[in-house]
Structures are given as structure tokens and as C-alpha cells.
Amino acid sequence: MAAAGSANAAVTVSILGDYNSYASAGQTIVQDFDGFLAPGYSFSSSAPIYVGTGSSSGNYAEPPGTPGQYIAVQSAGGVDGSATLTSLGGGFTAFSLFMGSPDTYNYITINWAGGGSTTLDGNALSNGGTLFTTTGDQSLAYRVNLDFGGQRAQSVMLQSIGSNAFESDGWAVSAVPEP
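Per the numbering used here, residue 8 is the first one in the sequence shown, and the count goes up by one each step.
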């Protein structure tokens, strides 16, 4: 069952149940970290990050139910890593990801097609804790959906600021059709 809450005026956050690694309705997986990146998208990252399987105590934890490799965006030695998905076409109006061990220091920045950006921290992603807890519980994972209310995003960037890590898999979008 999906739960919803407003993160800000432009973005509505919902979850599609626990341990659901499938894309939200009307979305297509565009990055699965098992070697697939959909045509029309680019992926970039800056260290420290980890892409693989398994867990490393104090560094990253494999989201329960992940069907293969996942990404852990880390923070180490005062450096915050990042991972960015960019549309090479008309943008997208929604983004979802399979998020493991949610934390307050997990951030998603949405870069709008017309300029400007919106940043959501773990508290906003969880709607103040009403959708899920942000305690880093490694037994938790959710399909988190961000609906942009008809606005077009050109890219999204994930960061874990000041602490490890932002674990995710199965990034999906609702693409804007090309004219």
C-alpha cells in the first residue's frame, strides 16, 4: 500500500510498501547497477561510492530484497560522495528508487529542467518519519516515489552528507515523451 506526504509544494513523496524493488506504476527502471543504463540517460558519480553486493560494517549495508548490485553513496574524510542520473532528452516528472536503511543524512537534489533545484533530506523523504523511520535500520527498505506535480526534472543527485551511507537500487522515472 502506498503512503503519501508532501515534502514541499512541488514534490510529493510516497512509498510503495516495504521491500518492493519494482518500479512504481507508470515508471521504467533506467539504472539498476547491474550494468544496465537505459538509452537517453547518463549516470555520473564522485567518490566515495560503492557499487556491488554485500555489506561492510560502518560503511554500507545491502538493502534487503535487492535483486543484484546496488549503489552506496558514502561520506568519508570530510568528502561527501554523489551519484547523479541525468535525462539526455525531455526530462522526467517522477523518480523512484529502492532505498535501504534510510537515514536523516540521505539527500536527494532535484535539478529542474527550467533551472533551480529542490533538495530533500531524509526527514523530508520520510515526511517527518510518518512514511518510514530514518534511523539507519539495516533491516528496512522501501520503494520511495517522488512525484514532481507535473514539473520536469533534468537530473537527480543522491548524497550522504556527513555520514555513511545512502544505499539504493532500481532507479526509475516517468519520462517526458520527446515531441
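Think of the CB as a built atom: it goes at the ideal place given N, C-alpha and C, for glycine as much as any other residue.
In this text the structure is predicted, and so the values were computed from the model without any measurement.
In the DSSP assignment, the alpha helix (DSSP H) including residue i goes from what residue to what residue?
i: residue 228; result: Missing from the structure shown is residue 228; the chain here goes from 8 to 186 and no further.
Which residue comes first and which comes last in the beta strand (DSSP E) that contains residue i?
i: residue 37; result: 35-38
i: residue 180; result: 173-182
Taking the CB atoms as reference points, tell me whether residue i and residue j lie closer together than 8 Å.
i: residue 160; j: residue 119; result: yes
i: residue 166; j: residue 108; result: no
i: residue 134; j: residue 20; result: yes
i: residue 151; j: residue 106; result: yes
i: residue 153; j: residue 18; result: yes
i: residue 102; j: residue 183; result: no
i: residue 48; j: residue 38; result: yes
i: residue 97; j: residue 53; result: no
Could you tell me how far apart the beta carbons of residue i and residue j are, in whole angstroms, since I believe they sit closer than 8 Å?
i: residue 112; j: residue 168; result: 5 Å
i: residue 76; j: residue 41; result: 5 Å
Where residue i and residue j are concerned, what is the direct C-alpha to C-alpha distance, given to the nearest angstrom?
i: residue 11; j: residue 46; result: Here the model assigns residue 11 a pLDDT of 47, short of 50, so the residue's position is not dependable, and the following value carries that caveat. Going by the C-alpha atoms only, they are around 30 Å apart.
i: residue 86; j: residue 172; result: 12 Å
i: residue 43; j: residue 176; result: 12 Å
i: residue 95; j: residue 116; result: 17 Å
i: residue 50; j: residue 140; result: 28 Å
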